[in-house]
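Structure, as structure tokens:
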């Protein structure tokens, strides 16, 4: 695991412990995806509204804790700022609000919305004739929503080669409505699909760097709770739960085991 | 009104590169000229109302002034959450323009009727809600509001009225002020029938095209009268109710799906919104008032 990704996961645990909130396994699932995007796209944490910046939309908004810690790791604010996560007056809600948090481009939470907004952003960049790229991260559970597939059809039909959709394939919907083989489905919809190991930062960055003339889909094969055995083996128990102090010590130990 | 919408937007777009049209496979031929003149600002995006609204929000987020347009219930009922979250909650503006007001598609049945759009959208924070009644109102209010920082809803109909009204955003119009103890309040195209019904009756008549924000100052002027709201949709009665402690009644839609076909006139007649029925409802209120006064 890359140091920055371990640091982000460590802070996700700290924030959850201090705040009593957080979807930890789903946040752990996307750390490498988020890091790859923020190490690839044009952005400036000191100027979050930089006009020529690329845009990222977290469509699966319930993974906000992973998002905030990734933004903190890239200099948008400090990790300590995020410790107020979920508090009454906090900027950092359990779903992100673009009017409160620098670096958040769209407020999300209800599933199946962010990708459509991202399609509109990418279309805007095309109409304006800019080189802006738009990235969005969707969940496999979220992809039960029909609006996800509407948005993909529209993106393909409007030839948005500036749009990249990262698909968090952490098998969260095996219990109800599995997507099956998402790469096949997105290919059938006309997208340029790459399938990568979702916890291999270099592989994701390499896939993002590959030129394309179509809507790009990165099916990232991930593990919920990746990095801590206790989380990855007890996903349902830890779906929405904050670690107590003794559990935090244990999870931090698992996360850092073999790190040196 | 749809043609006026197209004409006004086309005129504006000739001077303003920020205008983008997003259609749900409706009014496409009508916008042919626009398509030819501005091919990169015209998108017949598909029959996918949820995504139409989300894309509109995304366009707005990047500084464009988009117009999303399709049939009323499909855009406003089906995509209510996209309007609520992607536009209102995100504070992304944009223009939502619908056709097929109330019973415009009478012959298509209740799936195509629009009862709740004005009431639903009026309750959303940040929203501006317009029940436009005439071509003049379409032209004036699109021009004044299309760059609004808030999302704006424009409800169009195929049966506009031709009555002169104040076209200023947020303002109502007093069409009759007889100092009468009964005031009829209405909105949108049904004004044609209301005007005919009330023309020679001793009542005041007040009209609104803007349901949110409602013209509270104007309503206050009639506070001391009984108010009869005549409207072929939900939303106006609730908007007027923002002014507290009024004496109000509603004459309009029944709490039922209007499961007939025919024309808008057929259905209006069946549910009491043709001129004769409205007149009768107003006369009943006048008679009730007289009876109550005599009893006192």
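Protein chains in written order, with the numbering used here: chain A, 1 to 260; chain B, 1001 to 1296.
We put the CB at the ideal spot given by N, CA and C, even for glycine.
C-beta contact flag for residue i and residue j at 8 Å
i              : j              : result
residue 75/A   : residue 45/A   : yes
residue 223/A  : residue 183/A  : no
residue 1012/B : residue 1143/B : yes
residue 186/A  : residue 138/A  : no
residue 1209/B : residue 1141/B : yes
residue 58/A   : residue 93/A   : no
residue 1089/B : residue 107/A  : yes
residue 56/A   : residue 105/A  : yes
residue 168/A  : residue 29/A   : yes
residue 1271/B : residue 1193/B : no
residue 1001/B : residue 1175/B : no
residue 1240/B : residue 1214/B : yes
residue 12/A   : residue 71/A   : no
Other residues of its chain near residue i: CB distance less than 7 Å, five sequence neighbours each side excluded
i              : result
residue 1026/B : 1069, 1070, 1071 and 1099
residue 1238/B : 1119 and 1122
residue 112/A  : 142, 145, 147 and 148
residue 1267/B : 1103, 1106, 1258 and 1260
residue 1126/B : 1088, 1091, 1150 and 1151
residue 1254/B : 1271
Below-8 Å beta-carbon distance, residue i vs any chain B residue
i             : result
residue 153/A : yes
residue 117/A : yes
residue 113/A : yes
residue 123/A : yes
residue 98/A  : yes
residue 59/A  : no
residue 147/A : yes
residue 52/A  : no
residue 27/A  : no
residue 230/A : no
residue 128/A : yes
residue 143/A : no
residue 106/A : yes
residue 120/A : yes
residue 150/A : yes
residue 158/A : yes
Residue(s) in a DSSP beta bridge with residue i
i              : result
residue 1042/B : 1021/B
residue 1184/B : 1205/B and 1228/B
residue 1252/B : 1231/B
residue 1155/B : 1098/B and 1131/B
residue 1176/B : 1205/B
residue 104/A  : Paired residue(s): none; residue 104/A is not in a bridge.
residue 221/A  : 169/A and 197/A
residue 55/A   : 134/A
residue 1212/B : 1129/B
residue 139/A  : 168/A
residue 163/A  : 134/A
residue 216/A  : 164/A and 192/A
Same chain, Cβ closer than 8 Å to residue i, five either side skipped, listed in chain order
i              : result
residue 1111/B : 1073
residue 1078/B : 1049 and 1050
residue 1216/B : 1242 and 1243
residue 1136/B : 1164, 1165 and 1167
Chain A within 8 Å of residue i, Cβ atoms only
i              : result
residue 1134/B : no
residue 1261/B : no
residue 1041/B : yes
residue 1048/B : yes
residue 1057/B : yes
residue 1062/B : yes
residue 1308/B : Residue 1308/B lies beyond the residue range present for chain B, which begins at 1001 and ends at 1296; the question has no answer from this structure.
residue 1193/B : no
residue 1045/B : yes
residue 1007/B : no
Same chain, Cβ closer than 6 Å to residue i, five either side skipped, listed in chain order
i             : result
residue 179/A : 140 and 143
residue 192/A : 212, 214 and 216
Amino acids of chain E, ordered along the chain, whose beta-carbon sits closer than 7 Å to that of residue i
i              : result
residue 1081/B : No chain E is present in this structure, whose protein chains are A and B.
Option nearest residue i by Cα separation, candidates the options
i              : options                           : result
residue 270/A  : 202/A, 210/A and 118/A            : This structure leaves residue 270/A out entirely; chain A is present only between 1 and 260.
residue 1283/B : 1292/B, 1229/B, 1213/B and 1202/B : 1202/B
residue 1052/B : 1087/B, 1030/B and 1262/B         : 1087/B
residue 250/A  : 237/A, 228/A and 210/A            : 228/A
residue 158/A  : 1044/B, 1037/B and 1036/B         : 1044/B
residue 1037/B : 1054/B, 1296/B, 1014/B and 1226/B : 1014/B
residue 38/A   : 256/A, 233/A, 208/A and 243/A     : 208/A
residue 1032/B : 1007/B, 1294/B and 1125/B         : 1007/B
residue 69/A   : 118/A, 127/A and 10/A             : 10/A
residue 156/A  : 84/A, 195/A and 119/A             : 119/A
residue 1236/B : 1046/B, 1177/B, 1010/B and 1184/B : 1184/B
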